[in-house]
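For reference, the structure discussed in these notes is given below.
Numbering (the working numbering), first residue to last: 1 to 219.
Below you can see the structure in the form of structure tokens.
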């Protein structure tokens with residue numbers, strides 16, 4: 001039994017400790033998509049200080065408005081999703097940015113309770129061993145923004161011909177709005193639906209900025 005606990009501890013803690021100091025060369029999600037697409041992904045690592053605050057705020061506004069404050073899981077959101085999914089044919093998501101980072105880095109697709117359980121467990125370990133800004137940095141470098149395009153640097157260049165450091169709120173909101181359907185969305189030539197999603201984020205972006213969310217990443 002002791003050995004089992006040791007194995008579980010090493011399985012959980014070791015990759016997170018490595019991520020404190022090493023940028024991941026790829027991710028499970030990227031590898032799976034490369035195999036399915038039959039071609040290599042386009043991505044290039046970028047330090048968080050070289051990614052605009054607008055994009056950081058945009059993904060928090062769109063994906064996880066409690067990111068600076070939770071410990072990996074949003075329990076209330078999980079509870080609400082479980083209740084809602086009792087009457088929905090399409091499951092409602094409740095994953096935090098941390099959970100999405102864990103899933104993209106280490107896990108596989110699907111909605112099984114086992115996979116979600118492993119995701120939640122590793123998300124807690126990631127929060128224990130990595131600072132918030134590092135989690136955000138990893139997330140923004142492995143997020144998908146196109147069929148085979150990943151990361152803020154590639155997305156900013158591909159869709160706006162800009163460095164990620166100079167994205168405006170409007171441009172960042174378009175990128176964040178594309179995250180739920182990255183293979184089918186083009187932030188550079190957005191549909192009316194994507195524009196509407198992005199416009200809806202702008203007030204939230206400004207509110208999070210005023211509430212000090214960027215400062216919260218570094219506390």
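The beta-carbon is built from N, C-alpha and C at its ideal position, and this holds for glycine as well.
Which class does residue i belong to by DSSP, given the choice of helix, strand or coil?
| i | result |
| --- | --- |
| residue 14 | helix |
| residue 210 | helix |
| residue 43 | strand |
| residue 67 | coil |
| residue 30 | helix |
| residue 201 | helix |
| residue 184 | coil |
| residue 21 | helix |
| residue 192 | helix |
| residue 51 | coil |
| residue 156 | helix |
| residue 88 | The predicted model places residue 88 with a pLDDT of 48, which falls under 50 and marks its position as unreliable; any figure quoted below should be read in that light. The answer is coil: DSSP assigns residue 88 none of H, G, I, E or B. |
| residue 73 | coil |
| residue 139 | helix |
| residue 133 | helix |
| residue 1 | coil |
| residue 38 | coil |
| residue 216 | helix |
| residue 221 | The question about residue 221 has no answer here: the residues shown for the chain are numbered 1 through 219. |
| residue 61 | helix |
Using the Cα positions of residue i and residue j, report the straight-line distance between them to the nearest angstrom.
| i | j | result |
| --- | --- | --- |
| residue 161 | residue 1 | 55 Å |
| residue 134 | residue 147 | 25 Å |
| residue 56 | residue 141 | 12 Å |
| residue 68 | residue 100 | 15 Å |
| residue 35 | residue 210 | 43 Å |
| residue 5 | residue 167 | 46 Å |
| residue 217 | residue 131 | 8 Å |
| residue 33 | residue 25 | 15 Å |
| residue 145 | residue 114 | 27 Å |
| residue 213 | residue 111 | 30 Å |
| residue 106 | residue 28 | 5 Å |
| residue 74 | residue 120 | 10 Å |
Kindly list the residues whose CB is nearer than 7 Å to the CB of residue i, restricted to its own chain and excluding five residues on each side of it in sequence; keep chain order.
| i | result |
| --- | --- |
| residue 129 | 13, 16, 17, 20 |
| residue 61 | 176, 201, 204, 205, 208 |
| residue 164 | 46, 50, 51, 52, 55, 152, 153, 156 |
| residue 23 | 45 |
Any idea which residues DSSP pairs residue i with across the strands?
| i | result |
| --- | --- |
| residue 150 | 43, 144 |
Measuring from the CB of residue i, is there a heavy atom of the ligand ADP at a distance below 8 Å?
| i | result |
| --- | --- |
| residue 63 | This structure simply doesn't include the ligand ADP, nor any ligand for that matter. |
Identify the continuous alpha helix (DSSP H) that holds residue i and give its terminal residues.
| i | result |
| --- | --- |
| residue 105 | 97-106 |
| residue 113 | 113-129 |
| residue 169 | 169-178 |
In its own chain, which residues sit with a C-beta less than 8 Å from the C-beta of residue i, not counting the 5 before and 5 after it?
| i | result |
| --- | --- |
| residue 199 | 173 |
| residue 41 | 26, 30, 33, 34, 148, 149, 150 |
| residue 108 | 28, 32, 115 |
Excluding the 5 residues flanking residue i on each side, which residues of the same chain have their C-beta closer than 6 Å to its C-beta?
| i | result |
| --- | --- |
| residue 122 | 102 |
| residue 188 | 159 |
| residue 104 | 27, 29, 142 |
| residue 138 | 101 |
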